[in-house]
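Quick note: the sequence shown, position 83, residue 84 per the numbering used here, numbers continuous.
Yeah, the Cβ is synthetic: ideal placement off N, Cα and C, and Gly gets one too.
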Amino acid sequence: MKKLSGLFLMFLIFGIILAGCGNSDKTNGSTPAATEDNTSSDNNKSENTSVNGPLTINLNLPDKEILSKGPNGESAVSAKTLQLTAEELEKIKKGNYKAAVSLHYGGNDWSTAQVKGLQDTFAKMGIEIVAKTDANFKSEKQVADIETIMAKKPDIIVSIPVDPVSTAPAFKKAAENGAKLVFMDNKPDGFEHGKAYVSVVSADNYGNGVEAAHILAEEVGKKGEIGVIYHDADFFVTKQRTEAFEKTIKEEYPDINIPARGGIMGPNDGEKVASAMLTKNPKLKALFVVWDAPAEGAMAAARTAGREDLVITTIDLGTNVGLEIAKDGLIKGLGAQLPYDQGVAEAILAGYSLLGKGTPAYVAVPALKVTKDNILDSWKTVYQTDAPQIIQDSAK
2 MKKLSGLFLM FLIFGIILAG CGNSDKTNGS TPAATEDNTS SDNNKSENTS VNGPLTINLN
62 LPDKEILSKG PNGESAVSAK TLQLTAEELE KIKKGNYKAA VSLHYGGNDW STAQVKGLQD
122 TFAKMGIEIV AKTDANFKSE KQVADIETIM AKKPDIIVSI PVDPVSTAPA FKKAAENGAK
182 LVFMDNKPDG FEHGKAYVSV VSADNYGNGV EAAHILAEEV GKKGEIGVIY HDADFFVTKQ
242 RTEAFEKTIK EEYPDINIPA RGGIMGPNDG EKVASAMLTK NPKLKALFVV WDAPAEGAMA
302 AARTAGREDL VITTIDLGTN VGLEIAKDGL IKGLGAQLPY DQGVAEAILA GYSLLGKGTP
362 AYVAVPALKV TKDNILDSWK TVYQTDAPQI IQDSAK
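Encoded structure:
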């Protein structure tokens with residue numbers, strides 16, 4: 002019996018050692034947070050840093066003055082100042098909270114990166130995303146989306162209102178039912194910070210408009226006639242871009258004139274408006290287009306008109322405009338938003354609200370100037386990953 006007991010004890014110890022080795026291999030071999038964040042080759046250390054805090058946006062972003070103002074004229078607080086500590090993250094994780102995302106439009110690189118930032122950060126906070134909706138730029142669809150979302154009883158809704166007036170009642174009802182609202186770029190009309198919503202987070206849209214103006218002016222030799230394609234909607238961030246562009250041209254480049262202006266309602270209107278503008282104003286040397294999707298349409302209109310000499314600048318670094326910049330094509334540069342980091346900031350602010358911490362009314366990430374010279378580095382800054390191979394090849 003003693004022999005048997007001794008043998009049994011030896012097998013038991015051997016089994017425990019093997020089990021311990023197996024668990025160790027499994028732990029070290031499965032570190033999605035570390036891989037995704039590229040924080041460290043030390044997996045255990047990376048997991049602790051990226052998941053347990055402190056949680057911040059990318060602190061390596063440029064320290065630039067933020068020129069944009071909020072929806073009510075508020076000065077911006079830099080997103081780089083936001084942080085959740087390890088202790089705060091633990092408190093949030095214990096709450097088993099739920100979140101939902103309601104987009105105005107989900108069909109572009111900006112929306113995809115914004116949602117990725119939210120997903121990654123909410124996962125680190127232990128918050129489940131129970132719904133993601135796309136209104137396709139239709140306010141009535143977004144109102145229906147909010148009603149559908151509320152049936153899932155989320156603690157948090159992160160959204161960008163398609164129309165600040167017509168969507169306001171739906172968002173108001175959501176807030177009254179206990180959802181904490183964090184907004185991307187804009188807020189519903191009549192909403193008061195600290196009562197109806199947590200915060201608004203955006204890029205430095207004014208700063209990006211300034212960058213687009215400087216790039217265009219240099220490309221046209223600081224003189225000549227140019228056109229502006231603006232967003233003909235009550236959307237304060239796109240208004241800021243156009244205002245910044247036109248003010249910079251007027252004040253700093255007196256030999257550049259803007260005889261042509263055309264408004265778009267949505268991303269598919271760029272080609273039609275640009276085509277009419279180029280037909281009516283054949284002397285135009287350049288166009289500023291308020292964001293990348295309609296800028297692609299303007300590019301198509303220019304090629305149809307045989308205007309390969311036209312200069313275009315815009316805002317938002319999407320795949321197609323990024324490729325055109327890398328090729329030194331019609332689009333010469335742009336001011337880039339940082340949508341992934343915006344998503345991270347929005348999730349952190351949601352965490353603030355769950356903890357009962359005070360929040361700024363308006364938060365922004367810095368502007369980023371993008372040209373052929375820095376397209377690859379800029380892509381990595383904006384999207385946290387290398388540029389697509391086709392852009393890398395064209396940039397060479």
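query	result
Kindly indicate which three-state DSSP category A218 falls into: helix, strand or coil?	helix
Starting from M126 and walking both ways along the alpha helix (DSSP H), at which residues does that stretch end?	M126 -> no alpha helix (DSSP H), and no H or E assigned at all.
At what residues does the alpha helix (DSSP H) containing F236 begin and finish?	F236 -> no alpha helix (DSSP H), and no H or E assigned at all.
Please report the distance separating the alpha-carbon of Q390 from that of D317.	19 Å
Less than 8 Å between the CB atoms is what I'm expecting for Y106 and D135, so what's the real figure, rounded?	7 Å
Which same chain residues end up closer than 7 Å to M126 when comparing Cβ atoms and leaving out the 5 residues on each side of it in sequence?	L90, I93, K94, A348 and G352
With which residues is R262 paired in a DSSP beta bridge?	V229
Can you check DSSP and say which residues form a bridge with L56?	L85
Excluding the five sequence neighbours on either side, which residues of its own chain have a C-beta within less than 6 Å of the C-beta of T28, listed in chain order?	Reliability of the predicted coordinates at T28 is poor, the pLDDT of 29 falling under 50, and the value obtained from them is presented with this limitation in mind. Excluding positions up to five away in sequence, the list is empty.
Once the 5 residues before and after A388 are set aside, which same chain residues still bring their CB inside 6 Å of it?	L377 and W380
Taking the beta carbon of D310 as the centre, do at least 16 other beta carbons fall within 10 Å, making it buried, or is it exposed?	exposed
Terminal residues of the continuous beta strand (DSSP E) containing S160?	I157 to S160
Which first and last residues belong to the beta strand (DSSP E) in which F172 is found?	F172 -> not in any beta strand (DSSP E); alpha helix (DSSP H) instead, spanning A169 to E177.
May I ask you to report which of helix, strand or coil DSSP gives A152?	coil
Compute the Euclidean distance between the alpha carbons of T446 and D110, then round it to the nearest angstrom.	With the chain running from 2 to 397 in the structure shown, residue 446 is simply not present.
Note down the Cα distance separating T386 from I67, rounded to an integer number of angstroms.	25 Å
CA-CA distance, V221 and D235?	31 Å
Would the segment 368-375 and the segment 195-215 be scored as touching if the rule is three or more Cβ pairs under 8 Å?	yes
Are the segment 182-195 and the segment 216-232 in contact at 8 Å, needing three or more beta carbon pairs?	no
Just the C-alpha distance for V383 and N61, rounded to the nearest angstrom, thanks.	12 Å
Select from V131, K224 and Q84 the residue whose C-alpha is nearest the C-alpha of Y98.	V131
Hey, quick one: how far does the alpha helix (DSSP H) through L355 stretch, first residue to last?	P340 to L356
Give the secondary structure of Q385 by DSSP, where H, G and I count as helix, E and B as strand, and everything else as coil.	coil
According to the Cβ coordinates, are S140 and S167 closer than 7 Å?	yes
Which of helix, strand or coil does DSSP assign to K333?	strand
Taking 7 Å as the limit between beta carbons, can you name the residues of its chain near M300, skipping five residues before and five after?	I313, E325, L331 and I332
Please tell me whether A77 and S69 are closer than 7 Å, where the distance is taken between their beta carbons.	yes
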